[in-house]
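Worksheet for the structure shown next.
Number of protein chains: 2
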Amino acid sequence: MTKEINNSAYWREFEQNKLTHSAAHYLMAIDSLRDELGYARVTDVAEKLSVSRGAASTKIADLKKRRWVKEDPNRFLLLADDGEAIVSRVEHNFRILARFFGDILGISKDNAFGDACKMEHLMSAETGQRLIGLMHFIEGDDDRMKAFRAFMQSGDLHCADVEICPICEDECLAAATITDLAKEGQS
Amino acid sequence: MTKEINNSAYWREFEQNKLTHSAAHYLMAIDSLRDELGYARVTDVAEKLSVSRGAASTKIADLKKRRWVKEDPNRFLLLADDGEAIVSRVEHNFRILARFFGDILGISKDNAFGDACKMEHLMSAETGQRLIGLMHFIEGDDDRMKAFRAFMQSGDLHCADVEICPICEDECLAAATITDLAKEGQS
DNA sequence: GGCTTAAGTTTACGCCGCTTAATAAACAGA
DNA sequence: TCTGTTTATTAAGCGGCGTAAACTTAAGCC
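Same order as they appear, the protein sequences are chains A and B.
Under our numbering, the first residue of the first sequence is numbered 10, with each subsequent residue one higher.
Under our numbering, the first residue of the second sequence is numbered 10, with each subsequent residue one higher.
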């Protein structure tokens, strides 16, 4: 399996994603500003996303060119149909991931939201749907849910025998000491 | 929960990741080339990753500056200790995700590897560890595994009542018709 | 009218990561 | 030695995504 890791058919999909992380958040910002304020201007979007007005201006011009964003009769920003569709799908993915990480895996809020936010625009539709299934499976049955919680709290996930463990390949995955890659790198 | 989606504390972490997707794959390429050929040169890395030699040259120069890559006595490329640590952690994350998507969720090979590859350098250590726990929980018990497979095949994941469903917030997540965001965007 | 201020745009810049093309260095054969 | 190939590096260009600063436009106000 590990050979697949450098298969260029996979690794370059990352940069070929049509929808960038940043674009998704501009769209979501416009959407939520309209909910909160009733309107959205370049300045509001910039402030919401903590970017300069200049950056927001050019990025939003680009989103208009893509026809994901348009203007309402009062010249305020508005999501076009395609933009709305994107927003609902990204938010959908975010909700699934955040619930999965937070409620099922019991991950700290910071990592749960952080990971979900990074992956929301990358997860395939198939993965999202199956993840919902898994959540329903675990949460749908009280006893199972309890058993799962207990299991996760027991802590010791090391496999007894790497040769037999259905999860590990050559070394026990659970035994590996891991630290966060996000913080990796020099000063 | 959805409010968190535009929290700039989360959304800008994405670009602040010290380790880029691309850098991770350069490191893994060097590692696997040394396994396969016994050595790794700029040209080999370029070919393995399907990028130009120019791109490989500059990127590898950068990786040397970061002290993730060095040269062996014969001037072939070699991972430095930090580089090796990164590779083992990224591969670790990849294995966890690929197994989770493929073996547990039963996702098609393409999406399983594709999603795992995109997320491997983004997943927090905490998430990885808990994911292993979940896999052990499901796979560790034969009956549970069978029940899970049956459940996933039954197909109907819609919640009976959105108000009660522990997963959905305002609309049934499973009911949402989703398509792939990766392919989103105009021609 | 003339001044100030807010909003939006443009321009110059930097970083990342890629491409292509030019150049340099190293090596091997006629 | 001269020449052609391979390998590596460098340079120029482009797209994405930011910053900072300058500039335009449109109100609002006395």
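Ideal Cβ placement from N, Cα and C applies to all residues, glycine included.
Tell whether a beta-carbon distance below 7 Å holds between residue i and residue j.
i: K127/A; j: L131/B; result: yes
i: E135/A; j: N83/B; result: no
i: A89/A; j: F103/A; result: no
i: Y19/A; j: F109/B; result: no
i: V96/A; j: E129/A; result: no
i: V60/A; j: A38/A; result: no
i: R50/A; j: L114/B; result: no
i: F157/A; j: F146/B; result: yes
i: I105/A; j: G149/A; result: no
i: R43/A; j: T52/A; result: no
i: S163/B; j: D189/A; result: no
When the Cα of residue i is compared with those of the options, which residue comes out closest?
i: L28/A; options: L42/A, L46/A, I14/A, K68/A; result: K68/A
i: V78/B; options: L143/B, A33/B, S61/B; result: A33/B
i: S31/A; options: A65/A, E22/A, I14/A, F157/A; result: A65/A
i: F85/A; options: L46/A, E180/A, I105/A, D151/A; result: L46/A
i: N183/A; options: T188/B, I141/B, D170/B; result: This sequence places Ala at residue 183/A; Asn is not what is there. The shortest C-alpha separation from A183/A is found at I141/B.
i: R21/A; options: L58/B, H101/B, R21/B; result: L58/B
i: D202/A; options: E180/A, E24/A, A94/A, D71/A; result: Given that chain A is displayed from residue 10 to residue 196, the structure contains no residue 202/A and the question cannot be resolved.
i: N16/B; options: E56/A, E24/A, K155/A; result: E56/A
Residues in its own chain within less than 7 Å of residue i by CB, not counting five upstream and five downstream?
i: D81/A; result: L87
i: A107/A; result: A121, F122, A125
i: M161/B; result: G115
i: M144/A; result: R108, F109, I113
i: K73/A; result: K79
I want to verify the contact list: residues of chain A whose CB lies under 7 Å from the CB of residue i, in sequence order.
i: I39/B; result: Neighbours of I39/B on chain A: none; closest Cβ ~10 Å, over 7 Å.
i: G115/B; result: R139
Using a Cβ-Cβ cut-off of 8 Å (strictly less than) and excluding sequence neighbours within five positions of residue i, which residues of its own chain qualify?
i: S196/A; result: The predicted model places S196/A with a pLDDT of 24, which falls under 50 and marks its position as unreliable; any figure quoted below should be read in that light. None.
i: M116/B; result: Residue identity differs from the one stated: residue 116/B is Ile in this sequence, not Met. Within the same chain, I116/B has close Cβ partners F110, D124.
i: A159/A; result: none
i: R153/A; result: F146, I147
i: H101/A; result: G137
Apart from the five residues on each side of it in sequence, which residues of its chain come closer than 6 Å, Cβ to Cβ, to residue i?
i: G111/A; result: A121
i: G92/B; result: L36, W77, V78
i: N26/B; result: none
i: Y48/A; result: F85
Starting from the beta carbon of residue i, find every residue of chain A whose beta carbon is closer than 9 Å, and list them in chain order.
i: A183/B; result: Q138, I141, G142, H145
i: E22/B; result: G123, C126, K127, A191
If the cut is a Cβ gap below 7 Å, which residues of chain B does residue i touch?
i: F157/A; result: F146
i: F85/A; result: Residues of chain B passing the Cβ test: none, with the nearest at roughly 18 Å.
Show which residues of chain A have a CB atom less than 8 Å away from the CB atom of residue i.
i: T188/B; result: R98, A134
i: D124/B; result: L131, M132, S133, T136
Which residues of chain B have a Cβ atom closer than 8 Å to the Cβ of residue i, listed in chain order?
i: N120/A; result: S133, E135, T136
Task: Selection of the region 42-59 of chain A by Cβ proximity to chain B, strictly under 7 Å - done: Only K57, L58, S59 from the region 42-59 of chain A bring a Cβ to less than 7 Å from some Cβ of chain B.
TODO: Using a Cβ-Cβ cut-off of less than 7 Å, give me the residues of the region 63-74 of chain A that come near chain B, in sequence order.
DONE: Here the close residues number zero.
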